[in-house]
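Inspection log for the structure reproduced underneath, given as structure tokens.
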Amino acid sequence: MKILNLYFSSTGNTDKVASRITATVEKLGHRIDTVKITGDQEIDLLSYDFIFVGSGVYQWLPGKGLQEFIAARLAHYAAAGEIKYASPRRSGKKVVVYCTYGGAHTGSNEAVPAVKFMGQLFDHLGFEIVAEWYYLGAYPGQGRMKDFSTLGRLGNITGRPHEADLLDLEERVTGVLRV
Ligand SMILES: Cc1cc2nc3c(=O)[nH]c(=O)nc-3n(C[C@H](O)[C@H](O)[C@H](O)COP(=O)(O)O)c2cc1C
8 MKILNLYFSS
18 TGNTDKVASR
28 ITATVEKLGH
38 RIDTVKITGD
48 QEIDLLSYDF
58 IFVGSGVYQW
68 LPGKGLQEFI
78 AARLAHYAAA
88 GEIKYASPRR
98 SGKKVVVYCT
108 YGGAHTGSNE
118 AVPAVKFMGQ
128 LFDHLGFEIV
138 AEWYYLGAYP
148 GQGRMKDFST
158 LGRLGNITGR
168 PHEADLLDLE
178 ERVTGVLRV
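If you're matching positions, the sequence shown starts at 8 in this note's numbering and goes up one per residue.
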């Protein structure tokens with residue numbers, strides 16, 4: 008099974024989640040390619056059987072680099088005739104979408120668009136979305152965002168994702184690879 012972990016992180020929270028995904032997959036005895044996205048990278052997504060894709064949430068959407076990557080890959084696969092009407096499933100191809108988010112205003116509602124946005128490229132390509140994971144990620148502590156991690160709808164999220172989040176993640180990674 009060819010496995011890819013593709014992610015964007017600006018302030019380091021999604022880096023932590025992505026690293027634990029990769030470490031867990033390797034601990035389970037699989038090989039995994041891990042790519043931190045910076046924009047239009049030519050990655051052959053269709054060569055993978057299982058893809059983890061994730062990002063921090065910024066104004067309800069994934070990071071700009073991942074948005075650009077998705078737009079460029081969509082254009083590439085559309086031109087290649089791989090985006091088909093009714094998006095038939097590609098046998099055995101699976102994707103897990105994950106995010107880290109702060110939810111200071113409307114809680115997890117403001118992370119939902121980002122997760123749905125990321126999943127659509129893969130859904131269009133015929134991958135089965137087997138899970139969507141939401142992990143809390145504290146806002147950067149300095150400057151104008153100082154209070155976001157303590158005064159929001161989800162209470163005090165300072166220090167997230169913490170080790171308990173990452174242990175939960177390990178269980179989930181183990182679970183989805185059984186599917
Ligand atoms: C400029 C900025 C905008 C953000 N916008 C949102 C948002 O709209 N919704 C949300 O839930 N979290 C938002 N967050 C919180 C981030 O999603 C959270 O800190 C996440 O863990 C960042 O991921 P990263 O460290 O991998 O970049 C924002 C953070 C920053 C710095």
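Heads up, the beta-carbon is just placed ideally off N, CA and C, and yes, glycines get one too.
Proximity of residue i and residue j at Cβ, strictly below 8 Å
| i | j | result |
| --- | --- | --- |
| Ser26 | Lys43 | no |
| Thr181 | Thr31 | yes |
| Ala171 | Tyr146 | no |
| Val104 | Ile77 | no |
| Thr45 | Gly72 | yes |
| Tyr176 | Ile28 | Rather than Tyr, the amino acid found at residue 176 in this sequence is Leu. Taking 8 Å as the Cβ cut-off, Leu176 and Ile28 qualify as a contacting pair. |
| Arg185 | Ala138 | no |
Same chain only: Cβ atoms within 8 Å of residue i, ignoring 5 sequence neighbours per side
| i | result |
| --- | --- |
| Tyr108 | Gly63, Val64, Ser115, Glu117, Ala118, Ala121, Tyr141, Tyr142, Leu143 and Gly144 |
| Leu132 | Leu52, Leu53, Tyr84, Glu89, Ile90, Ser94, Arg97 and Lys100 |
| Leu35 | Val180, Thr181 and Leu184 |
| Ile10 | Val32, His37, Arg38, Ile39, Asp40, Tyr55, Asp56, Phe57, Ile58 and Phe59 |
| Met8 | His37, Asp56 and Phe57 |
Through-space distance from residue j to residue i, alpha-carbon basis
| i | j | result |
| --- | --- | --- |
| Leu53 | Ile39 | 15 Å |
| Gly150 | Asp56 | 42 Å |
| Gln48 | Asp130 | 20 Å |
| Ala82 | Leu128 | 10 Å |
| Lys194 | Gly159 | In the structure displayed, the chain extends from 8 to 186; residue 194 sits before or after that span and is not available. |
| Pro148 | Thr21 | Checking the displayed sequence, the identity of residue 148 turns out to be Gly instead of Pro. In a straight line, the C-alpha of Gly148 is about 16 Å away from that of Thr21. |
| Val60 | Cys106 | 8 Å |
| Gln66 | Ala87 | 32 Å |
| Val102 | Lys23 | 19 Å |
| Gly19 | Asn12 | 16 Å |
| Gln74 | Arg80 | 10 Å |
| Ile50 | Phe134 | 16 Å |
Cβ-based neighbour list, residue i, same chain, cut-off 7 Å, excluding 5 preceding and 5 following
| i | result |
| --- | --- |
| Pro69 | Phe15, Ser62, Ala121, Phe124 and Met125 |
| Phe1 | In the structure displayed, the chain extends from 8 to 186; residue 1 sits before or after that span and is not available. |
Residues near residue i by beta carbon distance below 6 Å, same chain, minus five either side
| i | result |
| --- | --- |
| Thr157 | Asn163 |
| Thr161 | The residue asked about is misnamed: residue 161 is Leu in this sequence, not Thr. Taken in chain order, the residues that qualify are Gly110 and Gly114. |
Closer than 8 Å to chain C by CB, residue i
| i | result |
| --- | --- |
| Pro120 | Among the protein chains of the structure shown there is no chain C, as only one such chain exists. |
Cβ contact (3+ pairs, closer than 8 Å) linking the stretch 76 to 94 and the stretch 150 to 170: Touching, no, given that fewer than three Cβ pairs across the two stretches are closer than 8 Å.
Uninterrupted beta strand (DSSP E) stretches inside the stretch 91 to 149 (no shorter than 3 residues): 101 to 108 and 135 to 143
Runs of alpha helix (DSSP H) wholly within the stretch 58 to 97 (minimum 4 residues, chain order): 71 to 86
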